[in-house]
């Protein structure tokens with residue numbers, strides 16, 4: 032289980048939102064996520080964090096969790112890029128796609144990916160674990176998977192959200208993931224997205240919540256494509272390399288198929304500080 036916990040938490044209003052207590056005994060969301068994952072069968076946890084939060088992170092969760100499951104750390108730093116792209120005075124992380132690429136030397140087996148501050152529900156871990164452990168050996172394409180949630184089960188009452196809305200074919204494979212911004216339910220009950228030119232989106236759409244099932248072969252392809260991304264967007268200080276960017280690339284060039292594993296679980300997350308009491 033790879034947990035992405037290197038986010039800056041800008042929308043949380045300061046502090047390290049991944050470490051904010053939400054349970055009756057000060058449990059954080061990751062406590063529940065890891066519990067559900069281990070119960071489903073996962074036996075190793077890799078945390079992707081920033082080096083500067085390592086001490087606080089280990090004190091609040093890593094040391095405790097390591098008593099029950101194999102734990103390791105990977106650090107996502109802005110200068111973890113090829114030499115020719117270093118020294119650009121960049122402070123913003125390179126995005127979720129880069130975060131996963133940082134795991135290439137630490138992960139050698141099929142793996143699941145989650146966000147640190149999202150609660151996905153036990154069912155999602157079970158279906159993802161079952162898929163990862165029942166894949167055949169010989170594949171003509173990369174066999175990737177995604178636990179897909181229903182959009183209406185992932186909205187926040189406290190502001191807009193960004194979701195990867197998925198187009199799915201008749202065999203339950205992802206055709207395309209469209210990163211969709213500023214999604215919220217309006218006063219009339221409709222779910223709308225976009226900025227000035229807002230459009231209605233189906234509340235029953237499949238969406239990606241960054242809960243993926245990948246194999247180690249993914250790293251080689253991602254490493255190659257990240258260099259292409261840097262050549263095109265590396266000079267832009269706010270550009271980010273997202274997992275869906277990579278997944279769309281692999282689908283479009285015929286390298287991978289991505290199976291949709293749909294779950295009826297309701298997502299919980301602390302996108303905004305105001306979400307925390309409900310969570």
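Numbering (the working numbering), first residue to last: 32 to 310.
Positions of the beta carbon are idealized from the N, C-alpha and C atoms, including for glycine.
All figures in this text were calculated on a predicted structure; none of them were measured in a lab.
Taking the C-alpha atoms as reference points, what is the distance between residue i and residue j?
i           : j           : result
residue 137 : residue 265 : 25 Å
residue 110 : residue 261 : 12 Å
residue 207 : residue 194 : 13 Å
residue 174 : residue 188 : 35 Å
residue 115 : residue 258 : 10 Å
residue 229 : residue 197 : 18 Å
residue 123 : residue 278 : 22 Å
residue 276 : residue 63  : 29 Å
residue 182 : residue 200 : 18 Å
residue 289 : residue 249 : 12 Å
residue 83  : residue 178 : 31 Å
residue 97  : residue 103 : 9 Å
residue 210 : residue 263 : 19 Å
residue 184 : residue 307 : 16 Å
residue 52  : residue 310 : 10 Å
residue 113 : residue 251 : 14 Å
residue 186 : residue 225 : 15 Å
residue 70  : residue 167 : 23 Å
residue 223 : residue 202 : 28 Å
residue 59  : residue 227 : 36 Å
residue 139 : residue 204 : 25 Å
residue 313 : residue 61  : Residue 313 lies beyond the stretch modelled for the chain, which goes from 32 to 310, so this question has no answer here.
residue 170 : residue 32  : 23 Å
residue 231 : residue 284 : 30 Å
residue 57  : residue 172 : 44 Å
residue 241 : residue 305 : 22 Å
Going by beta-carbon coordinates alone, are residue i and residue j separated by less than 8 Å?
i           : j           : result
residue 246 : residue 141 : yes
residue 145 : residue 151 : yes
residue 149 : residue 54  : no
residue 76  : residue 65  : yes
residue 147 : residue 282 : no
residue 315 : residue 213 : Shown here, the chain extends from 32 to 310; a query on residue 315 therefore has no answer.
residue 100 : residue 74  : yes
residue 126 : residue 271 : yes
residue 135 : residue 254 : yes
residue 50  : residue 87  : yes
residue 153 : residue 129 : no
What distance in whole Å lies between the Cβ atoms of residue j and residue i, which are believed to be in contact at a cut-off of 8 Å?
i           : j           : result
residue 121 : residue 268 : 6 Å
residue 79  : residue 143 : Not confirmed; about 13 Å, so no contact.
residue 274 : residue 243 : 7 Å
residue 89  : residue 156 : The pair is not a contact, with the Cβ atoms about 24 Å apart (cut-off 8 Å).
residue 280 : residue 256 : 6 Å
residue 176 : residue 162 : 5 Å
How about residue i: is its C-beta nearer than 8 Å to some C-beta of chain E?
i           : result
residue 248 : Annotation note: the requested chain E is absent from the structure, which comprises a single protein chain.
Okay, do the region 212–230 and the region 292–299 touch, 3+ Cβ pairs below 8 Å being the bar? Segments in contact, no.
Do the region 89–100 and the region 237–251 touch if we need at least three Cβ pairs shorter than 8 Å? Contact between the region 89–100 and the region 237–251 is absent, because fewer than three Cβ pairs lie under 8 Å.
Every unbroken beta strand (DSSP E) inside the region 175–239 [3 residues or more]: Segments of the beta strand (DSSP E) lying fully in the region 175–239: 192–199, 205–216, 222–224.
Which runs of the beta strand (DSSP E), 3 residues or longer, sit entirely within the region 266–298? List check, beta strand (DSSP E) in window: 287–293.
As an exercise, report each continuous alpha helix (DSSP H) stretch of at least 4 residues that is fully enclosed by the region 75–102, in chain order. Fully enclosed alpha helix (DSSP H) runs of 4 or longer: 85–88.
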